[in-house]
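Some notes on the structure that comes next.
Here you go:
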């Protein structure tokens, strides 16, 4: 009985003695750190996200919504579309749509200059009638305006005043030899008077045919540039610079540019024809 009483009295003390001593927090933290250092790193999970277009608020932002990370050379680059990639010149690519469009436009610009000489034969006389006249020089043919000033006299004649008296003979020969069928006459030591007769209906119709021939020449030049572009596209496909899908897209753009430039020539001819026949 006495033994049982003593055992009951000393039981709490025994529990305290048998319990493990508390471990300081620093030791626990050190142990956890060591354990994590020797354990394997967590596995990475890759998730494919759908690319979305930037919101309007982001597009309107001064930095495009990129913040400080969007500066040149840092952060994510701009997401390119298929059209952006097609417009960029690839290494080794022969086809250049912009260059071909510029050449087509040059043909149209030359046409306008040539038609000025035709239109200038009817209606109100302007100095632009002599814009296409070239003067022979030892260095080659040069524009008449480099040697003389052209003005209108009495509303019917052109007055050509040479900058130097020594060049009047070459200027007179250039005007006479031009397809304008003009006969310059001396009007002083360094000036020429060029009568411009008003054409009759037959002459106007001839001018329309001349304008048509000039426009057809410009159309042929535009078509020739289209053929050059088609050849360049074929070279790029054969060299595997572009695929067949990209080649079809480039070919369509080339056709559209050709139609646009040809339509511009057609409109120019209709305008010139109206002026030539309505006067």
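In full-length UniProt numbering, the protein residues as written are 1 to 279.
We put the CB at the ideal spot given by N, CA and C, even for glycine.
Computed from a predicted model, the values in this text were never measured in an experiment.
Per DSSP, cross-strand counterpart(s) of residue i
| i | result |
| --- | --- |
| residue 148 | 162 |
For residue j and residue i, believed in contact at Cβ under 8 Å, the rounded distance
| i | j | result |
| --- | --- | --- |
| residue 211 | residue 129 | Their Cβ separation, rounded to whole angstroms, is 14 Å, which puts residue 211 and residue 129 out of contact at 8 Å. |
| residue 229 | residue 147 | With a Cβ gap of about 40 Å, residue 229 and residue 147 do not count as contacting. |
| residue 171 | residue 160 | 6 Å |
| residue 122 | residue 199 | 6 Å |
| residue 97 | residue 253 | 6 Å |
| residue 139 | residue 242 | Actually they do not touch by this definition, with Cβ atoms about 45 Å apart. |
| residue 99 | residue 276 | Not quite, the Cβ-Cβ distance comes to about 34 Å (not below 8 Å), so this is no contact. |
| residue 286 | residue 111 | Residue 286 lies beyond the range of the chain shown here (1 to 279); nothing can be said about it. |
| residue 208 | residue 273 | 5 Å |
| residue 133 | residue 142 | At roughly 10 Å, the Cβ-Cβ gap does not stay under 8 Å, so residue 133 and residue 142 are not in contact. |
Enclosing alpha helix (DSSP H) for residue i [first to last residue]
| i | result |
| --- | --- |
| residue 102 | 97 to 119 |
Check: residue i C-beta below 7 Å from any heavy atom of the ligand SAH
| i | result |
| --- | --- |
| residue 265 | Judged by which ligands are present, the structure shown has none, so any question about the ligand SAH falls away. |
Stretch pair the region 101 to 118 + the region 257 to 269: three plus CB contacts closer than 8 Å: When Cβ pairs closer than 8 Å are counted between the two stretches, the region 101 to 118 is seen to touch the region 257 to 269, the count reaching three or more.
Complete runs of the beta strand (DSSP E) confined to the UniProt domain "Ribosome recycling factor" (121 to 276) [at least 3 residues]: You should have 134 to 137, 140 to 143, 148 to 153, 157 to 162, 191 to 195.
Segment contact, 8 Å Cβ cut-off, at least three pairs: the region 212 to 232 with the region 183 to 197: Contact between the region 212 to 232 and the region 183 to 197 is absent, because fewer than three Cβ pairs lie under 8 Å.
Three-pair Cβ contact test at 8 Å for the region 162 to 169 versus the region 135 to 150: yes
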